[in-house]
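Residue numbers (the working numbering), protein chains in the order written: chain F, 532 to 907; chain L, -15 to 519; chain X, 2 to 158.
Where is the CB? At the ideal position from N, CA and C, for every residue including glycine.
Note that the coordinates shown come from a computational prediction; the quantities given were computed from them, not determined experimentally.
A short worksheet on the structure shown next.
This is the structure:
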């Protein structure tokens, strides 16, 4: 496998020099995205690059001219000058002028990128270890978005799955963020636990998600499409596994998506008759994968020395109250899930039910949403 | 030391102590310089091995070798060890060897303090490395130690913070020693403006260290109290501010990059004139530019934080101030080019490394100008573009300065010429390996690959593979460096003349001393005053 | 630094040997003042933002600097006065207000400056040896040895 890849990379290198064909979906530069912020950043980036190329030609030109023509074999008697005030003044002033030439457009671009006023809608983004919570305050929509199951399976060490066979490996999520095109969307970005950063390269900017603080950024997408990104601030073990997928659709499609989401989630209040071990286990598996699997792993095996295994764990198979306390109030590095109002009583009840009856743990306990509500 | 007044036979034995005790008790600046350099080399290998683990894991998508948590430990320790264990001690080694002869002092001003500031280092480094074996492993928060993530670390956190304190203490003691030596032990006639560039750059470096180290020490101590004593300096829930830590860290961290690169500027300012057979162009403006860089470096720190949500005017201020650094840095580069201009150039290994330094550092400077621009940095920040940028400046600048200085002064230290053929081979392997390693990372960053991830989407594969191949070439080329040093120290190779390099005598006091430089065992506190007392 | 003084009748001569000591007391105060001011600005600035734990570290560091400066300046305030009289060489060591002295018979005196001695310059005779100019660099020791040979007629061991 390694040999195969080695061969491939050299073949790619070789063909890359011949032409573009071998580079498949390779990219050498910043993408020009479907929105103004991205274009501002791209244009400015190219402007800065060309200025640097210009200076580089002069500086390296002088350097290599000197290396070639002033070597001892060609130029045996060195000059003795070591000062020239005029020259020194000139090469102090010229860089200053060049810098002013860069600073002016940079200032303009920055002010525009940071201007989040007059937005058409707001989306709140909260970074979690290791998933994103998206909220549409105007619509009352709220959901978590985490790495999709196929990537999550393939990314485990020794999974034996070739990442090439996984569509959009590491850049795919279970629930993408759906947004309408041609609307100025204001993102409010924060975090629940540690620092994260929300970055979709196609939009250009990234913004840190900081617990206790709210950052703002905006985008106005002009083309429908799927735009992918990743967390860009180290946030712990699975920092590399919390992708972002933004699905930009037309306004009609967006409206129907909103309506559909509301309809699907209207019946979320489960009546107590329907709350059976089976239904709780089903709901619990999904909720466990969203909230717990990144540490305790999908099969409950944990990570030795870092995250305890739930398989046969004394807490999970022992006293229910103690188990609830750990889940709701946290322990050590584990957050207090009960304190997070973004996770419903149903989800928590289902999670506790699930962990106490899955992975070979057979307590038979059924935790009800009311039990959670009572403790909370 | 009554022996001084005793029989004659005894004091003839009074060279350096024998065996290991010589090195533990030494107060001789040359011995301590050697210790620093050997330690730096060892740490360079340890930190390099960690980098190779990182690059091996990143050779292809998917996880093959290490757990992501261990990967994060590797990135964290690699940075801490390279910055505090390899590069800074290497320059301290050069300072110890070269500053006293350059200013005509017999030794450093505080020889015993000098001994302590070195011997703190091995203990600190050991402590840092053994945190890998604690439960939960070493600190895995990146070398920036940002809270709240760093507060999730287990037993390793207090050890790591203690280590940072020890490393800081070591560099503070070294800096104070250098400052006192330069101010108080200059020979008559050696005025400040006559001091060689290496001495000047180290003086400004030492000032920077003294000014920023307390900030780092305070910041990490506040992490400790936040974790164990329920304070809320950086905890938003308790009324603190996690971003405050970033301000503190980068108030230290940005000058730190100049702490790493200024002494390299000094070394290059010695190497280029010697091999151009011309005096350094614009010495006074070089001194002035170095001082301006030092001052500016302390007021630009928040350009590491364009994405934290600062108010726009603050972002603009930090952007403009950062851009200004390009001016004095440009002056230095132009002065080096003017020194070469119409010189009579030869390209022995030190000069090759100086040219490597110029190419790589100037290239890193260009990406630096690009990154200083807040709007574009919103894209570059925390992706592989910045990884490539700072390796071009810190390795291309700092480490290449160390390479140049090492080959430049090695004959002066050992009295033997190193193997020129192997030296050139080492340069070319390192230079090609380095560029193969870091050049592709620019493209990875621009294509959207975030830094500090153990695994990546498949479209990043090819450039990562090139990068890994380059890393192994660059890494293993350094074994050659050790072999070259070993041969020179063993006394193989032809004898070096006193001036070593053709015409070097006109470039500084140190080249008129004999090669190897006389050992001159310094007798801390043992002088006639003691001998007379024993009468 | 080596100063030479000849007496009027030229039968005694005095060599004054001093270590490099390029920092005056006033300059040292300036140095500490400037560094202290800069450190205080930084420390107090961050303390105002809530990070007061920087101040103790700044203070400790400044204290270390002052101690180091005082130690070094006291050490470099020392001097040795070597008086070459008709038949004795008198060596006085002045340091911190105390003077210690010793006399060596001029005609028996020898200089020992072999590399085996670890770079020490010794003067003496009959098994009693004293180090002189311990604070000098290599080159200056050479000059001092030369001056002693010239002025006092001492020879190498």
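DSSP beta-bridge partners of residue i
i, result
"residue 737 (chain F)", "F:730"
"residue 342 (chain L)", "Paired residues: none, contrary to the question."
"residue 719 (chain F)", "F:655 and F:747"
"residue 99 (chain X)", "X:96"
"residue 663 (chain F)", "F:658 and F:676"
"residue 89 (chain X)", "X:106"
"residue 821 (chain F)", "In DSSP, residue 821 (chain F) forms no bridge with anything."
"residue 81 (chain X)", "X:18 and X:94"
"residue 329 (chain L)", "F:602"
"residue 752 (chain F)", "F:566"
"residue 704 (chain F)", "F:678"
Boundaries (first-last residue) of the alpha helix (DSSP H) holding residue i
i, result
"residue 774 (chain F)", "Looking at the DSSP string, residue 774 (chain F) is not in any alpha helix (DSSP H); the run it does join, the beta strand (DSSP E), is 774 to 780."
"residue 133 (chain X)", "Counting along the chain, residue 133 (chain X) falls outside any alpha helix (DSSP H), and DSSP gives it neither H nor E."
"residue 244 (chain L)", "226 to 260"
"residue 46 (chain X)", "26 to 49"
"residue 825 (chain F)", "824 to 827"
"residue 841 (chain F)", "Per DSSP, residue 841 (chain F) belongs to no alpha helix (DSSP H) and is neither H nor E."
"residue 563 (chain F)", "First-last for residue 563 (chain F): undefined, no H or E at that position."
"residue 52 (chain L)", "52 to 64"
"residue 113 (chain X)", "First-last for residue 113 (chain X): 111 to 113, but that is the beta strand (DSSP E), not the alpha helix (DSSP H)."
"residue 29 (chain L)", "13 to 41"
"residue 3 (chain L)", "3 to 9"
"residue 285 (chain L)", "Note, residue 285 (chain L): premise wrong, no alpha helix (DSSP H); not H, not E."
Chain-order list of residues whose beta-carbon lies under 8 Å from that of residue i (same chain, five-residue window excluded)
i, result
"residue 29 (chain X)", "70 and 74"
"residue 102 (chain X)", "91, 92, 93 and 94"
"residue 571 (chain F)", "640, 643, 644 and 735"
"residue 255 (chain L)", "334, 335, 337, 338, 388, 389 and 392"
Contacting residues, own chain, Cβ-Cβ under 7 Å from residue i (five flanking each side not counted)
i, result
"residue 697 (chain F)", "681, 682 and 685"
"residue 76 (chain L)", "20 and 158"
"residue -9 (chain L)", "The predicted position of residue -9 (chain L) is uncertain, since its pLDDT is 32 and thus under 50; a value taken from the coordinates is nonetheless stated next. So no residue of the chain qualifies."
"residue 860 (chain F)", "867 and 869"
Cβ-based neighbour list, residue i, same chain, cut-off 6 Å, excluding 5 preceding and 5 following
i, result
"residue 536 (chain L)", "No statement about residue 536 (chain L) is possible, as the shown extent of chain L runs from -15 to 519 and does not include it."
"residue 336 (chain L)", "411"
"residue 738 (chain F)", "720, 729, 746 and 748"
"residue 759 (chain F)", "702 and 776"
"residue 872 (chain F)", "none"
"residue 521 (chain L)", "Since the first residue of chain L shown is -15 and the last is 519, residue 521 (chain L) is not available in this structure."
Environment of residue i [buried if 16+ CB atoms lie within 10 Å]
i, result
"residue 475 (chain L)", "exposed"
"residue 722 (chain F)", "buried"
"residue 175 (chain L)", "exposed"
"residue 225 (chain L)", "buried"
"residue 68 (chain X)", "exposed"
"residue 312 (chain L)", "buried"
"residue 484 (chain L)", "buried"
"residue 796 (chain F)", "exposed"
"residue 584 (chain F)", "exposed"
"residue 133 (chain X)", "buried"
"residue 768 (chain F)", "buried"
"residue 459 (chain L)", "buried"
Boundaries (first-last residue) of the beta strand (DSSP E) holding residue i
i, result
"residue 760 (chain F)", "756 to 762"
"residue 126 (chain X)", "123 to 126"
"residue 711 (chain F)", "708 to 711"
"residue 16 (chain X)", "14 to 18"
Test: residue i CB closer than 9 Å to a CB of chain B
i, result
"residue 138 (chain L)", "Note that chain B does not occur in the displayed structure, where the protein chains are F, L and X."
* To do: Return the chain-ordered ranges of every beta strand (DSSP E) run that is complete within the stretch 366 to 425 of chain L and spans a minimum of 3 residues.
  => Taking only runs of at least 3 residues, no beta strand (DSSP E) segment lies wholly in the stretch 366 to 425 of chain L.
* Within the stretch 174 to 220 of chain L, ranges of the alpha helix (DSSP H) (whole runs, at least 4 residues) -> 181 to 212
* Secondary structure, alpha helix (DSSP H): runs of 4+ residues fully inside the stretch 598 to 661 of chain F -> 616 to 644
* Which runs of the alpha helix (DSSP H) fall wholly inside the stretch 77 to 150 of chain L and span at least 4 residues, in chain order? -> Taking only runs of at least 4 residues, the alpha helix (DSSP H) segments lying wholly in the stretch 77 to 150 of chain L are 95 to 114.
* Taking only runs that begin and end inside the stretch 297 to 328 of chain L, name each unbroken alpha helix (DSSP H) of 4 or more residues, in chain order. => 310 to 324
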